[in-house]
Structure formats: C-alpha cells, structure tokens
Amino acid sequence: MNIPQIQLQTTRGQIALTTQKPVQQIEQPKADLDLQQPKAEMSIHTTKSELSIDSVEMRESLDLRSSASRAAEVAQYSAQTAMEGLARRSQEGGELMKIENGGNPLVEQAKRTGRQPYSSLGIKFIPQADSVKINFTPGSVDIQAEPQKVINNTKTNKPIHNYTPGKVNVDIQQHPSLKIDWLI
75 MNIPQIQLQT
85 TRGQIALTTQ
95 KPVQQIEQPK
105 ADLDLQQPKA
115 EMSIHTTKSE
125 LSIDSVEMRE
135 SLDLRSSASR
145 AAEVAQYSAQ
155 TAMEGLARRS
165 QEGGELMKIE
175 NGGNPLVEQA
185 KRTGRQPYSS
195 LGIKFIPQAD
205 SVKINFTPGS
215 VDIQAEPQKV
225 INNTKTNKPI
235 HNYTPGKVNV
245 DIQQHPSLKI
255 DWLI
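At position 14 of the sequence shown the residue is numbered 88 (the working numbering), and the sequence of numbers has no breaks.
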C-alpha cells in the first residue's frame, strides 16, 4: 500500500552585510603664541661715601712737616731765641755796669756761657698712636624696581574634527524558499 508522503525541501535565506568603516580625523593646530615681557622699571639712587684721612699730626711726629708749618716753627724758635739773647745781653750788660760793686763779672759770664748743658735722651715712639685721624661716612644705595606684568595675547585654536559615519548595507544574498512535494 502506498501511503502518500509529503516531501518538504527548504532553502535557507542568507543575508549579506556590507559595512563601510567610519572615518574620524582629529587635528589640533598649534596655539598662536604671543607673549611679551616688558622690562622692569628700575631706579637707583646713591649717596657717595666719604673718607677723610688727616695725617698732619703723624707727619709732624715723623718730622715731615709742610713748608708752611716748618716756616712757622722756625719763625717762632727764632723769635724766642732772639728774645732770650736780648735778655741775656741785657743782664750781662747790667752786671758789667755794676762792676764797682765788686766781683769779677767777666769771669762769671765766661763760666756760664762756656758750659754746655747736657741734653737728655728723648726716646719716643713715632708715629704716635692715634696720630692719624680717620673719619668715614658710609654711602647708601636705594634701588627701586617695579616689575611689569606679562602681556599674554596667546590664542588657542579649536581642534579640526572631521567624522564620516560608517554604513551597514543589508542585502539578501539568498532568498529562503520552501518547496512542498507530494509523493504517492
């Protein structure tokens, strides 16, 4: 006995996917750099220092006197010696005028003038301590500096961004099918 049969024949459907990748481009341009630094404003005020050295006393102790000082000393010594000589001559003249009072004034005068007095050893250290006078007035320096601010005109540039989105295309590569057949 023949039993009828159904025969099914199927074909699967196939999908084809075609993709186009996305493209992204990013570029960052450099910044436009514009920096300026003005010079600082500076002023300097100074006061000169003063140094004075007075070595007159030291030079005199070393017997290194100026011509004016030496001339004044010689003039004073000469005047004093002349006055002493005048006084001595006047005294001796007075003694000679009174010769009648007795004594021998000529012999006495010769004895006085013929004997030299002893000179002493005058040891002293030269130059004497503190014989040089030093005076110093320090100077001063006043510095005024005023820094200037930086001038910044820098401009940033935005990034350049190009984006092409990707695509997906769906196609049917093989259509599905169903074939039914009867066999008897």
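Each residue gets a CB set at the ideal place from its N, CA and C atoms; glycine is no exception.
Through-space distance from residue j to residue i, alpha-carbon basis
i	j	result
Gln247	Asn76	40 Å
Ser123	Phe210	7 Å
Gln218	Asp108	29 Å
Arg133	Ala146	16 Å
Gln102	Lys229	13 Å
Arg86	Leu252	9 Å
Gln183	Ala142	38 Å
Ser152	Glu169	25 Å
Ile225	Asn231	19 Å
Glu115	Glu220	5 Å
Asn178	Arg144	42 Å
Thr21	Val148	Absent from the structure is residue 21, since the part of the chain shown begins at 75 and ends at 258.
Closest Cα partner of residue i within the set the options
i	options	result
Thr238	Ile100, Ile89, Gln81, Leu91	Ile100
His235	Asp245, Val97, Lys113, Gln79	Val97
Ala203	Ser129, Asn243, Leu180, Ala219	Ser129
Asn243	Thr92, Gly87, Gln81	Thr92
Ile89	Gly168, Pro250, Trp256, Leu257	Pro250
Asp216	Thr120, Gln165, Gln83	Thr120
Asn261	Ala105, Glu174, Ser117	The chain is shown from 75 up to 258; residue 261 falls before or after that span and cannot be answered.
One or two residues paired with residue i in a DSSP bridge
i	result
Asp204	Beta-bridge pairing links Asp204 to no other residue.
Ser126	Asn209
Ile246	Ile89
Ala219	Met116
Asp106	Lys229
Val237	For the sequence presented, residue 237 should be read as Tyr rather than Val. Tyr237 pairs with Gln98.
Ser141	Answer by DSSP bridge pairing: none, since Ser141 is not bridged.
Leu180	BP columns for Leu180 are empty, so no partner.
Lys253	Gln83
Residue-chain proximity (residue i, chain B), Cβ-Cβ < 7 Å
i	result
Gly176	No chain B appears in the structure shown, which is made up of a single protein chain.
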